[in-house]
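S.K.: First residue of the sequence shown: 1, per UniProt numbering; consecutive thereafter. Beta carbons: idealized from backbone N, C-alpha and C, even for Gly. Note that the coordinates shown come from a computational prediction; the quantities given were computed from them, not determined experimentally.
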Amino acid sequence: MAGTQRYLRYIVFALVCLILLFFISSSSSVTSANWPSSYTGGDSAVPSPQPPHGKEQQTEPKPSSTPNNDKALPPATDAGERMNATFVTLARNSDLWEIAKSIRHVEDRFNRKFNYDWVFLNDDDFNDEFKKVTSALVSGKTKYGKIPEEHWSFPDFIDQDRAAKVREEMKEKKIIYGDSISYRHMCRYESGFFFRHPLMLDYEWYWRVEPSIELYCDINYDTFKFMADNKKKYSFVLSLYEYVETIPTLWDAVKNFTATYPQHIEKDNSMTFLSEDDGKTYNHCHFWSNFEIGNLNWLRSDAYIDYFTSLDHAGGFFYERWGDAPVHSIAAALMLKKEELHFFNDIAYYHVPFTHCPTGEQYRLDHKCHCNPKDNFDWNGYSCTARFYETNNMKKPEGYEKDQ
Ligand SMILES: Nc1nc2c(ncn2[C@@H]2O[C@H](COP(=O)(O)OP(=O)(O)O)[C@@H](O)[C@H]2O)c(=O)[nH]1
Ligand SMILES: *[C@@H]1O[C@H](CO)[C@@H](O)[C@H](O)[C@H]1NC(C)=O
Ligand SMILES: *[C@@H]1O[C@H](CO)[C@@H](O)[C@H](O)[C@H]1NC(C)=O
Ligand SMILES: [Mg+2]
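1. Does ligand 2 have a heavy atom nearer than 8 Å to the CB of residue 78?
2. To the nearest angstrom, how far is the alpha carbon of residue 373 from that of residue 364?
3. Between the stretch 275-292 and the stretch 207-214, do three or more beta carbon pairs fall short of 8 Å?
4. If you measure from each CB to the nearest heavy atom of ligand 2 and keep those under 7 Å, what residues do you get, in chain order?
5. Report the option in 228, 243, 344, 186 whose CA atom is closest to the CA atom of residue 176.
6. Apart from the five residues on each side of it in sequence, which residues of its chain come closer than 7 Å, Cβ to Cβ, to residue 161?
7. Return the chain-ordered list of same chain residues with a C-beta closer than 7 Å to the C-beta of residue 127, the five sequence neighbours on each side being excluded.
8. Roughly how many angstroms separate the alpha carbons of residue 131 and residue 141, rounded to a whole number?
9. Tell me which same chain residues have a C-beta within less than 8 Å of the C-beta of residue 383, skipping the five on either side of it?
10. Going straight from the alpha carbon of residue 134 to that of residue 286, what length do you get?
11. Enumerated in chain order, which unbroken segments of the beta strand (DSSP E) with a length of 3 residues or greater are wholly contained in the stretch 222-266?
12. Once you ignore the five residues that flank residue 306 on each side, which residues in its own chain have a CB closer than 7 Å to its CB?
13. Looking at residue 230 and ligand 4, is the gap between the Cβ and the nearest heavy atom below 8 Å?
14. When the distance is taken between beta carbons, is residue 147 closer than 9 Å to residue 193?
15. First and last residue of the alpha helix (DSSP H) that includes residue 386?
16. Under the rule that 16 or more other beta-carbon atoms within 10 Å means buried, what is residue 198, buried or exposed?
17. Which partner residues of residue 293 appear in the DSSP bridge assignment?
18. Going by the beta-carbon positions, is the gap between residue 409 and residue 390 smaller than 9 Å?
19. Check whether the Cβ of residue 351 lies closer than 8 Å to any heavy atom of ligand 1, and answer yes or no.
20. Where does residue 56 fall in DSSP's three states?
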């Protein structure tokens, strides 16, 4: 018995040695290991093994099968200099799970590499669950601010009875959000106050994010740095015509402002984006402000503050239902130089009900886009983006006619 046991122990020892030897020799030759040629053969379903970054792969045709590791991955976090920038979201506690989806899109496609901060603003206190979930999702710092009452209420110069009557009429006409008080406070806040919130004073650049948005392509560069390096102040991805019922006298108020403050109007402006008759009437084109990357110091400038104060006193936030989108857009078009506005064709975006899916198949493939190009709104008749191209004498992207 003792003899057999010793014999068995010897065999086990020898086996362990053999296995160890095998691993040591194979791990030291992993980069030069060659598979039998029958294994790498052309149409085989098994992809040929590649060195970690696939450099040698570049001379071969692109594989149409997985693993899709023909390109070196960008670094997990960008090593470059960080900008003085933040994401900003206005939300209620009840928006938690919808904003959670948006954050996930923004982090996966962009911010996991850059780790920018995120400021959340609310007219009420954020609850613990909202803070816990959102701070777990954001890779940068999160900050939570309460909006001061005077920025979310009727100014004393507003006639409350007149405002109430308008809401009744708009409700009958079934104008979207026509009878809502809170929506009006929201639009006025986004038009004139978010950039002055104490938490926002710490930053120069912002990227606005709303609940339930989607991003469809990888963004592999710092969009804030792009804005700064290219002297951009305001940007958009979707543009369209505003419902005229919500802004019947907005253009009159703008004309009053430009007559009172001609010094705030930029000579090299984008009036042709807004008007077909050199400013007599407004064509209702605007940039859709649920997405914005912009410069906070511009919004905090005397020119913009005079503009907002002037519109605010005209009363249209309450006597009509002026949206922050046309308010921001008209300011950007009239008070900034043409070249300070930017269309981010490469940021693929969805906010119900419109999609911006970049024109150009190669771009979409290279950036792992998952939007259906048929959903792209840019070249639709209700979009103003073609007009933006014309205003700036820009060549429309190749293949745009196909998407029309
Ligand atoms: N704190 C707060 N945020 C609001 C309120 N109403 C709207 N918002 C936010 O304001 C933004 C625009 O509102 P949303 O409902 O998306 O309007 P829509 O995109 O025009 O349909 C979103 O970020 C909302 O979360 C409100 O009463 N309180
Ligand atoms: C960021 O920008 C704000 C607004 O311009 C400024 O007050 C602040 O000092 C800047 N912070 C840094 C770190 O540069
Ligand atoms: C424009 O200004 C005139 C004169 O100050 C004023 O009577 C009118 O109500 C203003 N219109 C708007 C829309 O603000
Ligand atoms: Mg929204």
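M.R.: Taking the geometry as given:
1. no
2. 9 Å
3. Touching, yes, given that three or more Cβ pairs across the two stretches are closer than 8 Å.
4. 84, 201, 202, 203, 204, 296, 297
5. 243
6. none
7. 93
8. Going from the Cα of residue 131 to the Cα of residue 141 covers about 12 Å.
9. 238, 239, 240, 377
10. 31 Å
11. 234-236, 239-241
12. Once the five neighbours on either side are set aside, the close Cβ partners of residue 306 are 261, 264.
13. no
14. Taking C-beta atoms as the reference points, residue 193 and residue 147 count as a pair closer than 9 Å.
15. 385-391
16. Per the 10 Å Cβ criterion, exposed.
17. 207
18. In the structure as shown, the chain starts at 1 and stops at 404, and residue 409 therefore has no counterpart that could be examined.
19. yes
20. The pLDDT assigned to residue 56 is 37, lower than 50, so where the model puts this residue is not dependable; a value taken from the coordinates is nonetheless given after this. Helix, per DSSP.
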